[in-house]
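When we follow our numbering, the leftmost residue of the sequence shown carries the number 2, and every step to the right adds one.
Okay, so here's the structure we're looking at.
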Amino acid sequence: MGALLTLMLFKMDLSVIAIIGVIMLVGIVKKNAIMMVDFAIDAQRNHGETPERAIYQACLLRFRPIMMTTVAAIMGGLPIALGLGVGAELRQPLGVAVVGGLLTSQLLTLYITPVIYISLEGVRRKLSGSGIGARSVRPVAAQAAE
């Protein structure tokens, strides 16, 4: 969404090069969300945390690696977005899509991922019939032993 809005803001077409930037952007954003969710699931399973506490801890502990990845990608895409040098008009949509998309997706990753995680955990609890207990997520081996 951010990449497309940024391209529209700068009146650039969604070219093949811009689509390559969007694909790269999807990979980075997905990795950031997976880092938070994976840590939260591990905290629930192995440390008995509630989903709310687990995702909160995940956000605190994964904030720096997520920001480092995003800032590094923005700094790498900024020279391309500025479009200096020979043939810059071909590469510029890639840089604009990446930089604009990362700025938007960073906000979405940091604020929306925890909300979705907690919402889906509530749905999972309702579907499985388990209560609100802190140890509602158990490893498969523990379930098989019962």
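For each residue, glycine too, the CB sits at the ideal point set by N, CA and C.
Bear in mind the structure is a predicted one, so any value in this text is a computation, not a measurement.
Whole-number beta carbon distance between residue j and residue i, since they are thought to touch under 8 Å
i	j	result
A98	L26	7 Å
Member of the options whose CA lies at the smallest distance from the CA of residue i
i	options	result
K12	T110, T51 and Q93	Q93
G22	I113, A74, K32 and G123	A74
V17	G96, Y57, L128 and T51	G96
I20	L10, A4 and M9	A4
R188	G130, E122, L128 and K127	This structure gives no information on residue 188, because the portion of the chain shown stretches from 2 to 147.
E90	I24, E50, D14 and L111	D14
L109	L8, H48, P52 and T71	T71
G28	L61, M9 and I67	I67
M76	K31, V100 and N33	V100
I35	R63, M9, T51 and L10	R63
K32	G84, R125 and S106	S106
R65	L111, M9 and L10	L111
R125	P52, V30 and L8	P52
Element boundaries [alpha helix (DSSP H), containing residue i]
i	result
F64	P52 to L83
V99	A89 to S129
D39	V17 to H48
M13	It is not in any alpha helix (DSSP H) - M13 carries neither H nor E in the DSSP assignment.
Handout entry: Contact between the segment 54-61 and the segment 29-43 (3+ Cβ pairs under 8 Å)
Key = At 8 Å Cβ cutoff, the stretches touch.
Practice task
Report yes or no: do the segment 79-92 and the segment 108-118 share at least 3 C-beta pairs separated by less than 8 Å?
Solution key: With the cut-off at 8 Å, the segment 79-92 and the segment 108-118 do not touch.
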